[in-house]
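Visitor: There's a structure below that I have some questions on.
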Amino acid sequence: MGKSKSKSNGKDLPSDPPSPLSDKDTSPPRPGTSGTENLLMTTRKEASEQYLKAQRAERAYRSKKHATLARANYNEAKAHFRDAVSHFRLGVKGMFSVTKAAPYMLGEKREQRRRKAESKKRERTLERKKRLEEALAKGQADEESEEKQDKSSE
Numbered sequence: 001m002g003k004s005k006s007k008s009n010g011k012d013l014p015s016d017p018p019s020p021l022s023d024k025d026t027s028p029p030r031p032g033t034s035g036t037e038n039l040l041m042t043t044r045k046e047a048s049e050q051y052l053k054a055q056r057a058e059r060a061y062r063s064k065k066h067a068t069l070a071r072a073n074y075n076e077a078k079a080h081f082r083d084a085v086s087h088f089r090l091g092v093k094g095m096f097s098v099t100k101a102a103p104y105m106l107g108e109k110r111e112q113r114r115r116k117a118e119s120k121k122r123e124r125t126l127e128r129k130k131r132l133e134e135a136l137a138k139g140q141a142d143e144e145s146e147e148k149q150d151k152s153s154e
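Following the UniProt record's numbering, the residues of the sequence shown are numbered contiguously, the last one being 154.
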């Protein structure tokens, strides 16, 4: 910072930094800004601040809405899990009672199969008996007809 950017007329500037008091005296006067330019700058700053504020409010609204939905879903899921646990307990208790009663269930099934097989066997024997009776009746009828023919032929 030994050299300044301003043009000098060939004179060497001191290498010491100028004091703050002397800086105000030697700096060129700042051009004045118009009221319109100031108004535009402040309007832009206010609009930017309002935009950021609106973005924050929108983010807060969205997160609040999502949090409300998430809370409702959480409570619903918790209730479902509570029901699921109670239903699972009931299912396990039911399975224990089923395993205790399994021999009785198997015995009942066995008894049903035995009854069904017995009725089928009874039907088959009745059918066989009926066929035998028909065959005997036919045989007797044939013998009688032969006897009649023998008697008539004699």
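Just so it is clear, CB atoms sit at the ideal spot from N, CA and C, and this is done for glycine as well.
In whole angstroms, what separates the C-alpha of G35 from that of T43?
Guide: Counting from 1 along the sequence shown, the entry for residue 35 is found at position 35. Counting from 1 along the sequence shown, the entry for residue 43 is found at position 43. The alpha-carbon atoms of G35 and T43 are separated by roughly 12 Å.
Visitor: Distance check for L40 and A67, CA to CA, integer angstroms please.
Guide: Start at 1 with the first residue of the sequence shown, and residue 67 comes out as number 67. Start at 1 with the first residue of the sequence shown, and residue 40 comes out as number 40. Taking the straight line from one Cα to the other gives about 40 Å.
Visitor: Helix, strand or coil, according to DSSP, for S152 in the structure here?
Guide: Locating residue 152 in the sequence shown gives position 152, counting from the first residue. Note: S152 maps to helix in three-state DSSP.
Visitor: Do you know how far the Cα of K93 is from the Cα of A79?
Guide: Numbered from its first residue, the sequence shown carries residue 79 at position 79. Numbered from its first residue, the sequence shown carries residue 93 at position 93. Rounded to whole angstroms, A79 to K93 spans 21 Å at the Cα level.
Visitor: Helix, strand or coil: how does DSSP classify S34 here?
Guide: Taking the first residue of the sequence shown as 1, we reach residue 34 at position 34. Coil, per DSSP.
Visitor: Suppose the cutoff is 8 Å on Cβ atoms and the five residues either side in sequence are ignored; what does the same chain contact list for Q140 look like?
Guide: The sequence position of residue 140 within the sequence shown is 140, counting from 1. Excluding sequence neighbours, Q140 sits near nothing in its chain.
Visitor: How many Å lie between T125 and K116 at the Cα?
Guide: Numbered from its first residue, the sequence shown carries residue 125 at position 125. Numbered from its first residue, the sequence shown carries residue 116 at position 116. Each residue's Cα considered, the two are about 14 Å apart.
Visitor: Cα separation between residue 167 and E127?
Guide: In the structure as shown, the chain begins at 1 and stops at 154. Residue 167 is therefore absent and cannot be evaluated.
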